[in-house]
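This report concerns only the one structure given below.
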Amino acid sequence: MAIPKLVIGNKNYSSWSLRAWLMLSKLEIFEEVLVPLSTAGSKERLLSYSPTGKVPVYLEDDLVIWDTIAIAEYLAEKYPQLLPRDTKQRARARSISAEMHSGFFALRENMPMNCRATDRRVELTPELTSDIDRVRAIWTECRNDNAAAGSWLFGSFSMADAMFAPVVFRFNTYGVECDRLETEYMQTVLQDSDVQQWYEAAVKEPEVIEEEEVGMN
Ligand SMILES: N[C@@H](CCC(=O)N[C@@H](CS)C(=O)NCC(=O)O)C(=O)O
Numbered sequence: 011m012a013i014p015k016l017v018i019g020n021k022n023y024s025s026w027s028l029r030a031w032l033m034l035s036k037l038e039i040f041e042e043v044l045v046p047l048s049t050a051g052s053k054e055r056l057l058s059y060s061p062t063g064k065v066p067v068y069l070e071d072d073l074v075i076w077d078t079i080a081i082a083e084y085l086a087e088k089y090p091q092l093l094p095r096d097t098k099q100r101a102r103a104r105s106i107s108a109e110m111h112s113g114f115f116a117l118r119e120n121m122p123m124n125c126r127a128t129d130r131r132v133e134l135t136p137e138l139t140s141d142i143d144r145v146r147a148i149w150t151e152c153r154n155d156n157a158a159a160g161s162w163l164f165g166s167f168s169m170a171d172a173m174f175a176p177v178v179f180r181f182n183t184y185g186v187e188c189d190r191l192e193t194e195y196m197q198t199v200l201q202d203s204d205v206q207q208w209y210e211a212a213v214k215e216p217e218v219i220e221e222e223e224v225g226m227n
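The sequence shown begins at 11 in my numbering and counts up one residue at a time.
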């Protein structure tokens, strides 16, 4: 078997890329193919890897997986440690991962991931506040239930942490206020060595995507 490849977008901006990259970084050796988004020819390059022309794309021999939740589920089949061992907790990790994948539109729209940006502020509309409150409730519930097992949402790192990692960067960039438990969880994510590696690469990227640069004073 050849070394799997993961096609990703800009580390500073591509939140879906971060999710797949973080899972893979914790599980297996892989080759990273970075296609800077919104540059000349980038769409054609992406379409040469997958039918959707979006990132992330996971490539393993003749297998192509082009959607984050499908990549997560495939990896969890290969590496069961990506989900909690307990059946009910596993269902819960899947539920919040799916909820992230299919929802939180106000959060995704109004607080785009911009890892290297700090001190940004956006208008807290009712929809955005509702998304933020829901994220905080998820983190609080998971951390309260799994505090003894470790510092990730379900104790050990799971796909759910990968799904919420870009939200941690968003809360950090846009100064979302959190309580102690939630802030501790954010620190677990931000201080993780793989997340740090991603961040350091994001800081060095030269590309600036204007429409993602929101919330400046
Ligand atoms: N449902 C997809 C969404 C992927 C997605 O929207 N990726 C964005 C970057 S974060 C993208 O590829 N944008 C480039 C484009 O649409 O041309 C997933 O879960 O992987």
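We treat Cβ as the ideally placed atom computed from N, Cα and C, and that holds for glycine.
Cβ-based neighbour list, residue i, same chain, cut-off 7 Å, excluding 5 preceding and 5 following
i, result
"E52", "The question names Glu, but residue 52 is Ser in the sequence shown. The residues are V45, P46."
"V186", "I142"
"S24", "I18, L47, V65"
"A211", "K21"
"G160", "S166"
"T198", "S161, W162"
Separation of residue j from residue i, as counted between CA atoms
i, j, result
"R146", "K64", "29 Å"
"T128", "S58", "35 Å"
"C100", "W149", "Residue 100 is actually Arg in this sequence, not Cys. Taking the straight line joining both Cα atoms gives about 16 Å."
"E221", "S168", "31 Å"
"A116", "L134", "10 Å"
"S35", "G165", "18 Å"
"Y209", "P136", "30 Å"
"F114", "F181", "13 Å"
"Q207", "L69", "22 Å"
"T193", "Q201", "12 Å"
"M196", "C188", "9 Å"
Ligand 3 heavy atom lying under 7 Å from the CB of residue i
i, result
"S35", "In the structure on display, ligand 3 does not appear, and the ligands it does have are ligand 1."
Near ligand 1: residue i beta-carbon under 7 Å from a heavy atom
i, result
"W228", "Outside the shown range of the chain, which is 11 to 227, sits residue 228, and nothing can be said about it."
"I106", "no"
"D72", "no"
"T139", "no"
"G63", "yes"
"K214", "no"
"P122", "no"
"P46", "no"
"T49", "no"
"K53", "yes"
"G113", "no"
"P94", "no"
"I13", "no"
"P66", "yes"
"G19", "yes"
"I39", "no"
"I148", "no"
"I142", "no"
Helix, strand or coil at residue i [DSSP, three-state]
i, result
"F174", "helix"
"W149", "helix"
"V17", "strand"
"F167", "coil"
Cutoff 6 Å; reference residue i; Cβ partners in own chain excluding five residues on either side
i, result
"V43", "K15, V17"
"V213", "R126"
"R130", "T183, Y184, G225"
"P61", "none"
"Q91", "none"
"I219", "Y23, S48"
"N227", "none"
"A176", "Looking at the sequence shown, residue 176 is not Ala but Pro. If we look at P176 and ignore the five residues flanking it on each side, its Cβ neighbours are S25, L28, M123."
"Y89", "L37"
"A170", "A103, I106, S107, L163"
"W76", "S60, T62, V67"
Other residues of its chain near residue i: CB distance less than 8 Å, five sequence neighbours each side excluded
i, result
"H111", "T78, I79, M173"
"L191", "W149, T150, R153, N154"
Test: residue i CB closer than 8 Å to a CB of chain B
i, result
"S48", "Any reference to chain B falls outside this structure, which holds one protein chain only."
At 4 residues or longer, what runs of the alpha helix (DSSP H) sit wholly inside the region 31–91?
52–57, 78–88
At what residue ranges does the region 87–124 contain a whole run of the alpha helix (DSSP H), taking only runs of 4 or more?
97–112, 115–120
- [ ] Could you name each continuous beta strand (DSSP E) segment of 3 residues or more that falls completely within the region 186–211, going from the start of the chain to the end?
- [x] none
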